[in-house]
Amino acid sequence: MFASLLVSCGSDNDVVKVDNPFDPASELVDSVLRNKIVVISDLHLGNDLTYSENVKHLNRLNQFLNEVRASSTIKELVIAGDMFDEWYIPTRTNTYENKSQSDFILKTVAANKVIFDVINGIISDKKIKVTYIPGNHDMGFTPESIDLAMSGVNQARDKEENGLGTYNPDNYPEIAIEHGHRYDFFCNIAKDGADPNVKGTTFA
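Residue numbers (our numbering): 4 to 207.
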């Protein structure tokens, strides 16, 4: 069973305590089967909460991820791109502040600690597989940088193209999950464009 869930994130005041929406009572039988794949994207977690675009939704996101973690029927969480964001910054801002990409990632993790604590908890529980796919706002991050934030996460990346990935969930070869920026003229990647060691333009 494949479940793609669209969650509307309201303000902090919209967070309410409810039974786990992933585990309807009708599904909780003696032998619970983990058969759901939850796909989320575009979290845009920034490393400076004074201007990050998702700040008002962090509490709802935290609740959502905890519901995923507590579920008895979810077998995989797929993060389909734009989990991180090195684009959404004020103009004339030095994105990496003359530091490394690793420093940028670690600062993002620290700024969104409550979120990464839950995600890394899901990974360490080893009950739910967590898969990351690059998006256009985080296509330049190396696998090593992503692993700094989410140690042991499964990364779906194209072998021939940096910054792109298509994911076929286990036992579902007919399903292809990706962020979609490879099909966007403004976000499509030039050859070697997302390789941090190659100078030049990032976009086609």
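All C-beta atoms in this analysis are idealised placements derived from N, C-alpha and C, irrespective of residue type, glycine included.
Self-check item: Straight-line Cα distance separating Thr-53 from Arg-95
Solution: 16 Å
Exercise. Could you tell me whether the region 170 to 181 touches the region 75 to 85, where touching means 3 or more Cβ pairs closer than 8 Å?
Key: yes
Self-check item: Cβ distance (whole Å) where Asp-88 is taken to contact Gly-49 below 8 Å
Solution: 5 Å
Quiz item: Is the beta carbon of Ser-74 sitting closer than 7 Å to the one on Phe-25?
Solution: yes
Practice problem: Classify Leu-80 as helix, strand or coil using the three-state DSSP reduction. | Solution: strand
Quiz prompt | For Leu-48: DSSP bridge partner residues | solution = Phe-87
Practice problem: With DSSP as the reference, please indicate the residues paired to Ile-136 in a beta bridge. | Solution: Ala-83
Exercise. Note down the Cα distance separating Tyr-135 from Asn-62, rounded to an integer number of angstroms.
Key: 21 Å
Quiz item: Is the distance from the Cβ of Ala-159 to the Cβ of Gly-168 below 7 Å?
Solution: yes
Quiz item: What residues in its chain sit with their C-beta under 6 Å from that of His-140, if we drop five residues either side in the sequence?
Solution: Asp-85, Asp-88 and Trp-90
Quiz item: So what's Tyr-170 in DSSP terms, helix, strand or just coil?
Solution: strand
Quiz item: So, is Pro-137 buried or exposed, given that buried needs 16 or more other C-beta atoms within 10 angstroms?
Solution: buried
Quiz item: What is the DSSP secondary structure of Glu-65, reduced to helix, strand or coil?
Solution: Note that residue 65 corresponds to Asn in the displayed sequence, not to Glu. Here Asn-65 sits in helix by DSSP.
Practice problem: Would you kindly work out how many angstroms separate the C-alpha atoms of Val-42 and His-182, rounded to a whole number? | Solution: 11 Å
Quiz item: When burial is assigned at 16 or more other CB atoms within 10 Å of the CB, is Asn-115 buried or exposed?
Solution: buried
Quiz item: If we ignore side chains and look at the alpha-carbon of each, how far apart do Pro-176 and Ile-122 end up?
Solution: 25 Å
Quiz prompt | Given Ser-130 as reference, the closest of Phe-67, Ser-55 and Asn-38 once Cα atoms are compared | solution = Per the sequence presented here, residue 130 reads as Lys, with Ser not at that position. Taking only the C-alpha atoms, the option nearest Lys-130 is Asn-38.
Quiz prompt | For Phe-107, the nearest candidate out of Arg-185, Ile-126, Asp-161 and Glu-147 (CA to CA) | solution = Glu-147
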